[in-house]
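Have a look at the structure below before the remarks.
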Amino acid sequence: MDFNGKTVVVTGAASGIGLAAAQAFAAGGANVVISDVNTEAGKNAAEEIGKKGGEATFLFANVAARNDVRDLVSQTVEKYGALDIIVNNAGIAGEFQPFTSYSLEGWEKVVGINQTGVFFCMQEALKVMEKQGSGAIVNVASIAGLKAMNRASAYVASKHAVLGLTKVAAMEYARQNIRVNAVCPVFTRTPLFESMFEINPAFEEKLKRNIPMGRYGRPEDIANAILWLSHDDAEFITGVCLPIDGGMMA
Ligand SMILES: NC(=O)c1ccc[n+]([C@@H]2O[C@H](COP(=O)([O-])OP(=O)(O)OC[C@H]3O[C@@H](n4cnc5c(N)ncnc54)[C@H](O)[C@@H]3O)[C@@H](O)[C@H]2O)c1
C-alpha cells in the first residue's frame, strides 16, 4: 500500500506485530518512527529498514511514562514535520493468576503499559492531529478485548479498556478528519506469544483447536489490517474493533 510522504509512529516496534507493521509501512514509502523500550532491537530494526532503502528512525519511549510519550511525539514532528498515523501497539501479557491471587504490582504494570500507555499516546497524537486537521490512529487490542481469558484479569481488563478509548476518541474526532480504530488479534506467533508456552507447551495445541482456520496468526496478518485501517482507502471507517482471528469470534 502507498504511504509515500506519510509519517508513522509505531510503539513496541522492535518486535513481533509492531515490527511487521513498521516494515510494511516503510515498504510503502512512509517515514517510520520505531519506538520501543528495547533500544538495541529497535535500532537494529531501523537500520535494517534503512538498508532496504526505507526511511526509519528509532526513538526510545516507555509508553507508561507520560514525558517519554510527549518527547516521542514532539521529536517525531520535529524530524518529519507531521504525525499522520500512530499505531499504539506496545503491550505486555503480564502475569497469569487466578482472579483473587492477581497481585497489585502485576495489575499496575499491565494496566500502566496496555491501558494508560495507549491513553497517553492517543492524547499526545490527537493534539498534533487536531492542529493538522487529519490523522489516523490504530490501537492494537486483542480478542481479549472482546472476550474473557482465564487467569488474565489485568490483560483482559486493559484490552477491553483500549476498545473503550478507541470508541470515545472515534466519536469525539469524527468531524475533524481523524479516524480511530482498533485491531483485535487472536494468538499470533511473536516473542510475547511464545513466552506463554514456555510455561505449558501442551496448551499450545489445545488453544489452536479454538481457531476455526486451524492456525495461529502471523505478525503479517495483523500488520496488513493495521495498514489498511490507517490508509485513506478506509476513510469512512472509524470506531471499529476488528477481530483478526481466523474466525474465532464467530
Ligand atoms: N502475540 C499475540 O498473540 C497477541 C494477540 C493479541 C494481541 N496482541 C497485542 O499485540 C501487541 C504486540 O504484541 P507482540 O505479540 O508483537 O509482542 P512482542 O513482545 O513481540 O512485542 C512487544 C514490544 O513492545 C515493547 N514494549 C513492552 N513494554 C513497553 C513499554 N512500556 N513501552 C514501549 N514498548 C514496550 C517490547 O519491548 C516489544 O518490543 C501487544 O499490545 C499485545 O497485547 C498480541
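Position one of the sequence shown corresponds to residue 0 (numbering that gives the first Met the number 0), numbered consecutively onward.
Idealized CB from N, CA, C, for every residue including glycine.
Keep in mind it's a predicted model, so treat the numbers as computed, not measured.
- Inter-residue distance for Pro-211 and Met-121 is about 33 Å (C-alpha atoms, whole angstroms).
- Not one heavy atom of ligand 1 falls within 7 Å of the beta-carbon of Ala-81.
- Between the region 178-187 and the region 233-241, the count of C-beta pairs closer than 8 Å reaches three or more; the two stretches touch.
- The C-beta distance from Val-86 to Ile-198 rounds to 28 Å, too long to meet the 8 Å contact threshold.
- Remark: C-beta atoms of Phe-59 and Thr-38 approach each other more closely than 8 Å.
- When DSSP assignments are scanned along the region 57-117, the uninterrupted stretches of alpha helix (DSSP H) that are 4 or more residues long and fall wholly within it turn out to be 65-79, 103-109.
- Secondary structure note for Asp-35: its beta strand (DSSP E) is the uninterrupted segment 30-35.
- Under the three-state reduction of DSSP output, Thr-189 falls in the coil class, being neither helix nor strand.
- Inter-residue distance for Gln-131 and Met-170 is about 18 Å (C-alpha atoms, whole angstroms).
- Thr-237: not part of any alpha helix (DSSP H); DSSP gives it neither H nor E.
- Taking the Cα positions, Gln-96 is about 39 Å away from Ala-173.
- Take Val-117, set aside five residues on each side of it, and the residues of its chain with a beta-carbon closer than 7 Å to its own are Asn-87, Asn-138, Val-161, Leu-164, in chain order.
- Separation of Ser-152 and Phe-98 (C-alpha to C-alpha, rounded to the nearest whole angstrom) is 6 Å.
- Just so you know, the alpha carbons of Gly-15 and Arg-188 end up roughly 8 Å apart.
- Among the bridge pairs identified by DSSP, Cys-120 is matched with none.
- Straight-line measurement puts the Cα of Lys-78 at about 12 Å from the Cα of Phe-57.
- Set against 7 Å, the gap from the CB of Ala-156 to the closest heavy atom of ligand 1 is not smaller.
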